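In my numbering, the protein residues as written are 1 to 60.
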């Protein structure tokens, strides 16, 4: 949709996803934890644009 307004995901939702990923990992669900953390990472990058953590910006 052209011109559609995109809403930003609230910080507490992203934080809850990271917490859920930790809980899943602690309870023996590593695949679900990885998928949940990956979703949180994608949403977090959209919230704070810029280089990803651990990216060597000197190489740019």
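From the three backbone atoms N, C-alpha and C, an ideal C-beta is built for every residue, glycine too.
Predicted model only: the values in this text are computed from it and were never measured.
Can you give me the C-alpha to C-alpha distance between residue i and residue j, rounded to a whole angstrom?
i: residue 8; j: residue 15; result: 14 angstroms
i: residue 13; j: residue 47; result: 12 angstroms
i: residue 60; j: residue 44; result: Confidence in residue 60 is poor, its pLDDT being 48 and thus under 50, which makes the residue's placement too unreliable to answer from.
i: residue 42; j: residue 31; result: 17 angstroms
i: residue 28; j: residue 11; result: 26 angstroms
i: residue 39; j: residue 26; result: 18 angstroms
Figure out for me which residue from the options has the closest Cα to the Cα of residue i.
i: residue 22; options: 43, 45, 37; result: 37
i: residue 19; options: 10, 28, 33; result: 33
Helix, strand or coil for residue i? Go by DSSP, reduced to three states.
i: residue 7; result: coil
i: residue 14; result: helix
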